[in-house]
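**Q**
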Amino acid sequence: MIPLSSLVKVHEGVSPRELNHFGQRRSATLTANLAPDYSLGQALAFLDEASTRVLGSGYTTDLNGISREFRSSQGALVVVFVLALLFIFLVLAAQFESFVDPLIIMFSVPLSMIGALLALKWSGGSLNVYSQIGLITLVGLVTKHGILIVEFTNQLRQRGWDMLDALVHASSQRLRPILMTTGAMVLGAVPLALATGAGSESRRQIGWVIVGGMSLGTLLTIFVVPTVYALLARKAVPGANTTPVDAPPAAQPAHEG
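Counting from 1, one number per residue, gives the positions in the sequence shown under my numbering.
(1) Select from Val78, Val211, Ala50, Leu135 the residue whose C-alpha is nearest the C-alpha of Ala184.
(2) On a Cα-Cα basis, can you pick out the residue from Leu63, Val91, Ile105 that is closest to Leu220?
(3) Look up His21 in the DSSP assignment and give the residues it is bridged to.
(4) Would you check if the distance between the CB atom of Gln42 and the CB atom of Gly125 is smaller than 8 Å?
(5) Applying the criterion that 16 or more other CB atoms from any shown protein chain within 10 Å of the CB defines a buried residue, is Trp122 buried or exposed?
(6) Extract the residue ranges of the alpha helix (DSSP H) inside the region 100-125, only unbroken runs of 4 or more that lie entirely within it.
(7) With a cut-off of 8 Å on the beta carbons, I'd call Ala93 and Phe99 a contact; round off their distance for me.
(8) Could you check what DSSP says for Thr196 in three-state terms: helix, strand or coil?
(9) Is it right to say Met113 is buried, meaning 16 or more other beta carbons lie within 10 angstroms of its own, or is it exposed?
(10) From this set, Leu148, Ala193, Ser200, Glu201, which residue's C-alpha is nearest Met180's C-alpha?
(11) Below 8 Å between beta carbons: does that hold for Val224 and Leu111?
(12) With DSSP run on the structure shown, which of helix, strand or coil describes Met180?
(13) Leaving out five residues before and five after Ser172 in sequence, what residues of the same chain have Cβ atoms less than 8 Å from its Cβ?
(14) Leaving out the 5 sequence neighbours to the left and right, which residues in its chain are closer than 6 Å to Ser202 when beta-carbon positions are compared?
(15) For Leu7, name the three-state secondary structure that DSSP assigns.
(16) Determine the extent of the alpha helix (DSSP H) in which Arg258 is found, giving its start and end residues.
(17) Report the option in Gly188, Val150, Ser72, Gly199 whose CA atom is closest to the CA atom of Leu231.
(18) Sorted by chain position, which residues of the same chain lie with C-beta nearer than 7 Å to Gly115's C-beta, five sequence neighbours on each side aside?
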C-alpha cells in the first residue's frame, strides 16, 4: 500500500463542467437578437470587425443557424436571381417570338423589388434567407402584369389597330384582371405577414415581401409597362393586318350578311 501523496500533489481548483466543441475545436457560443433597425448582414459585418479587433492569433469565429445559411447563400442568391431572370426572359421570348417584348415585361421586376424592400423595412424585417426566397418568388409573380398588357396589345395590333390605340385599350381592359389577381395574391399572403407563434419569423419575412412587392409593383407597373412599350415596341408585329383601319374594330358598325 503506497499513499497517494507520495506519487502526486493535489491542488483544488475550478474548471468547466464540459468543454464545448464546434468544428472539432473548443468553442464558446454567442447568442444574440437583432436590435431594431439593424439587419442580419449588418450584425455579421459588426461581428467580423469586432472579432478581428478583439481576438488574438489562433482564435477564429464561425456561424451557425440562420446566420450560417445567410452567409453561405449570399453568393448563391445572386446566381439564382440572375438564372431566374434569364429563365423567365427565355420563356417569354419563345412565347412572344421576340426579344423586345420580354424586355418590356421585365421592367416590372425592379419596381416590385422596391416595394418588397420597403415592406421589409417598415415591418422591421431584414434581408435574410427567407426574404431572399420571397424575392425570387416575386420575380415570377409580378411579370404576369406585363404579360397581360403586352399580349393583348399585340393581338389588337395584329387586327390592324394603331399602336397607341391598342396600348390604351389593352391597358384599360386588362386593368381589372390585374387588380383581381394582385388582390388575391396579396390577401393570400397577409396571413403569412401577420403570423405568430413558432416559426413565424420565417413566414413573416416571405409574407411581407409578397405583400409589399405585389402592391407597389402592381401600382407602378400599370403606368411603367405601357410607357416602355410605347418607347421600345416593334413598329409592326408579325401577322398584322396590313389593311388600313380608320377606327378601332370595337367602334366599327356591324354588317349583317
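The C-beta atom is built at its ideal place from N, Cα and C for all residues, glycine as well.
**A** On the basis of the data shown:
(1) Mapped onto the sequence shown, residue 184 falls at position 184. Per the Cα distances, Val211.
(2) Along the sequence shown, read from residue 1 onward, the residue named residue 220 stands at position 220. Comparing alpha carbon positions, the residue from Leu63, Val91, Ile105 closest to Leu220 is Ile105.
(3) Counting from one through the sequence shown, the residue named residue 21 turns up at place 21. Answer is Arg26.
(4) Counting from 1 along the sequence shown, the entry for residue 42 is found at position 42. Counting from 1 along the sequence shown, the entry for residue 125 is found at position 125. Not closer than 8 Å, so no.
(5) Mapped onto the sequence shown, residue 122 falls at position 122. With fewer than 16 other Cβ atoms within 10 Å, it is exposed.
(6) List check, alpha helix (DSSP H) in window: 100-105, 108-122.
(7) Position 93 of the sequence shown, counted from the start, is the residue given in the question as residue 93. Position 99 of the sequence shown, counted from the start, is the residue given in the question as residue 99. Correct: roughly 5 Å between the Cβ atoms.
(8) The residue labelled residue 196 in the question sits at position 196 within the sequence shown. Coil at Thr196, not helix or strand.
(9) As a first step, residue 113 is located in the sequence shown; it is residue number 113 there, counting from the start. Buried, by the Cβ-count rule.
(10) Position 180 of the sequence shown holds residue 180. When only C-alpha atoms are compared, the closest one is Leu148.
(11) The residue labelled residue 224 in the question sits at position 224 within the sequence shown. The residue labelled residue 111 in the question sits at position 111 within the sequence shown. It is a contact, given that the beta carbons lie within the stated cut-off.
(12) Here residue 180 corresponds to residue number 180 of the sequence shown, with the count starting at 1. Met180: helix per DSSP, three-state reduction.
(13) To locate residue 172, count along the sequence shown from 1; it is residue 172. Nothing meets the Cβ criterion.
(14) Counting from 1 along the sequence shown, the entry for residue 202 is found at position 202. Contacts found: Tyr130.
(15) The residue given as residue 7 occupies position 7 in the sequence shown. Three-state DSSP puts Leu7 in coil, outside helix and strand.
(16) Residue 258 lies beyond the range of the chain shown here (1 to 257); nothing can be said about it.
(17) Against the sequence shown, residue 231 aligns to sequence position 231. Measuring from the Cα of Leu231, the nearest candidate turns out to be Val150.
(18) As a first step, residue 115 is located in the sequence shown; it is residue number 115 there, counting from the start. Taking Gly115 as the centre and dropping the five residues before and after it, the same chain places the C-beta of Gly212, Gly213, Ser215, Leu216, Gly217 closer than 7 Å to its C-beta, in chain order.
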